[in-house]
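Please read the structure below before turning to the comments.
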Amino acid sequence: MRRLRGKLSPYLLSLPSWVYLLMFFLIPLGSMLGMALATGDPLDGYTMSDNFQEFVDAFTNYQDTFYRSFWYGTASTVATLLLAYPVAYWIAFHAGRYKSSFLFLIMLPFFVSFVIRVEAWQFILADEGFIFGPLKSIGLLPQNFHVLSTQWAVIGGLVYNSFAYYVLPLYVVLEKIDRRLVRAANDLYASPPTAFVKIVLPLSAPGVFAGFLLVFVTNVGDFVNADILGGPGTYMIGNVIQDAFFVNQDYPMAAALSSMLMLMLMIAILLYSKAFGTDAIQEYAA
Amino acid sequence: MSSVTTLPATKAYSPSRVGERLLSFFTWAMIAYNMLPIAVMVVFSFNTAPNGHVALKWLGFTLDSYKHAFAIQDLTGALGNSLEVAAGSALISVILGTPLALALARYKFWGKTLTDIVIFADIAAPAVVVGASLLALFLTLNLPRGLLTIFIAHVAFNVAFAVVVIRARVSGLDRALDRAAADLGATPWVAFWTVVFPLILPGIIGAWLLCFMLSIDDLIITTFVAGQTLTFPLWVYGATKIGTPPQVFVLSTFVFIGGVLLALANAALSRKRESA
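Shown next, in the form of structure tokens:
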């Protein structure tokens, strides 16, 4: 009896969450895939069919938007990595007993609503705002200079909002690196840059990739930065999905676009877990 | 660990000292950049707002917006909805997540890897996709969109975060403790509530706080499942198109200060508990 309970307990313990995630995460994802394959319209109802035409249409109609989203996603993620890595490195290796205080400073933006952070950037980058306004009036910038509604404003907004999300996983891996390895490298006459490239960088790879995955996926699917900071030329795939639901009510199209986004993510996750295993990945996520 | 940097050997490398200086300067610059939008929010909440919208230019200091902080009823109501959903969904997520965290941290079982992947997928899934798929589900079920559907959606993405945070705490526990409890005749149920639960409580509180923050902040998933109901981020998002009233910045400043105080109190408390 006792042994049986011991064997059953992990299943009983995981049951409530599994039921919930099945109902409100996995089944919706699956049914969305089904909806993408359905044909019909909101009035006559949908009939299931197994044509993949919707996927082909979704891609051909929104090819430019897909490419744009990928470009914004890649550019912003790489820029965030380049900004976040040195900060995470300095906190992990040199902040001493103030490590948690520095991490707290990095996480402060989380206490302000995401929309308001984006909106604050709208204020900062405004054509006649408190930065560009004075610069223009003293003639340092041409009158028609503007950042808002260009792709740089959108990418900048994405970088700002993912900065803290990238510092944290990087910090977690860097913190764990055994300092004796670095000292051993120095004793063996490796210069600090060589020691960094040969020891610290490879050991921090899991954090670099986990962060890349999280930030890239979030940024590719984002539509708020493009909406508030961008213009008509900065439409992203997230904007299209939102419009497909609320403006055009073309549910199969929205579902096809979302499924494609999700599929890419699943491939990325599988590749990651093949390379680094599944245990560690959650640690960096939270 | 911190003694490493004070070793005389490292002093000999003057280039690395310069590098360290540069790095520390860069870190501070990035922290300033990180804070800039927060500063803008707080400063502009004191800006004179002549026609009910926050002006882009500084028009003079005023406390008016603070005197009328709760004057916009819809906005205050939306903030109320947000607080309600955040507190409730965080609680349910923690209740659902704790048992799964225990299972993942303490047992090897069939389907563990799959569970790991599902939890990670839930964290990493693009918000548009989660929102769109839930809306598709609610449309199929004919479930009217409102506070309930927002609540369901928020639990759906918070559960995974709760599991990860609590699991980290459970992994740090010494299993000998509950074996000792069992040797003394405690049933697993009693052992859990008297031994394990008090020890993982800080993790559970931390998970609740994280879920609360994620929920109160969520815009993308909520836009899909909210229907006509407004949360604070939804209201603010709508207002960006027509001009933001200063009350948005005032209430957000309140939330910011409240959140920071809560986090500092939690940190101080857990430090006290650890040293005791």
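Chains as they are written, first to last, in UniProt numbering: chain A, 1 to 286; chain B, 1 to 276.
We treat Cβ as the ideally placed atom computed from N, Cα and C, and that holds for glycine.
The structure displayed is predicted, hence computed values, not measured ones.
Within its own chain, the residues whose Cβ lies closer than 8 Å to the Cβ of B/I72, once the five positions on either side in sequence are excluded, are P245, Q247, listed in chain order.
With 16 or more neighbouring CB atoms inside 10 Å of its own CB, A/P206 falls in the buried class.
Out of A/M23, A/V19, A/V159, the CA that lies nearest to the CA of A/F216 is found in A/V159.
Nearest to A/V154 by C-alpha distance, out of A/L188, A/E119, A/S137, is A/E119. Within the model, the alpha-carbon separation for B/G259 versus B/A191 is close to 34 Å. When DSSP assignments are scanned along the segment 187-237 of chain B, no uninterrupted stretch of beta strand (DSSP E) that is 3 or more residues long falls wholly within it. Under the three-state reduction of DSSP, A/F93 is assigned to helix. Interface annotation, B/F61: not in contact with chain A, CB-CB separation never under 7 Å.
Remark: C-beta atoms of B/S82 and B/I216 approach each other more closely than 7 Å. In the three-state scheme derived from DSSP, where H, G and I count as helix and E and B as strand, A/N248 is classed as coil.
Under the three-state reduction of DSSP output, B/F70 falls in the coil class, being neither helix nor strand.
In terms of beta-carbon proximity, B/V250 stays away from the interface with chain A, with every pair separated by 7 Å or more.
The beta-carbon distance between B/T223 and B/G131, rounded to whole angstroms, is 7 Å. This is short enough to meet the 8 Å contact definition. For B/A156, a Cβ of chain A is located within less than 7 Å of the residue's own Cβ. For B/W189, same chain residues with a beta-carbon under 8 Å away, outside a window of 5 residues either side, do not exist. Contacts with chain B at 7 Å (Cβ-Cβ) include A/W121.
At least one beta carbon of chain B lies nearer than 7 Å to the beta carbon of A/L29.
A direct Cα-Cα distance of roughly 22 Å separates B/P144 from B/N158. In the three-state reduction of the DSSP assignment, B/N81 falls in the helix class, which pools H, G and I.
Contact note: A/V215 does not reach chain B at a C-beta cutoff of 7 Å; the least C-beta distance is about 10 Å.
Residues of chain A whose Cβ lies closer than 9 Å to the Cβ of B/D74 do not exist; the shortest such Cβ separation is about 16 Å.
Within chain A, the residues whose beta carbon sits less than 7 Å from that of B/E20 are H94, listed in sequence order. Per DSSP, reduced to three states, the secondary structure at A/F55 is helical. Chain A has no Cβ within less than 7 Å of the Cβ of B/I166.
Beta-bridge annotation (DSSP): A/F196 is not paired with any residue. Note on B/W110: under 16 other CB atoms within 10 angstroms of its CB, so exposed under the neighbour-count rule. Per DSSP, B/N47 lies in no alpha helix (DSSP H) segment and is marked neither H nor E.
Classified as exposed, A/N144 has fewer than 16 neighbouring CB atoms from the shown chains inside 10 Å of its CB. Inclusion of A/L13 and B/P99 in the CB contact set at 7 Å is warranted, their separation being smaller than that value.
Two segments are said to touch when three or more pairs of C-beta atoms, one from each, lie closer than 8 Å; by this definition the segment 252-272 of chain B touches the segment 110-127 of chain A. Distance from the CA atom of B/G203 to the CA atom of A/L174, rounded to whole angstroms, is 23 Å.
In this structure, the straight-line span from the alpha carbon of B/A265 to that of B/I119 is close to 29 Å.
For a Cβ distance threshold of 7 Å, residue set S31 of chain A lies close to B/T140, ordered along the chain.
For A/I116, the nearest beta carbon of chain B is closer than 7 Å to its own beta carbon. Chain-order list of chain B residues neighbouring A/F24: L134, I152, A156, by C-beta distance under 7 Å. Around B/A127, the same chain offers I220, I221 as residues with beta carbons nearer than 7 Å, after the five sequence neighbours per side are excluded.
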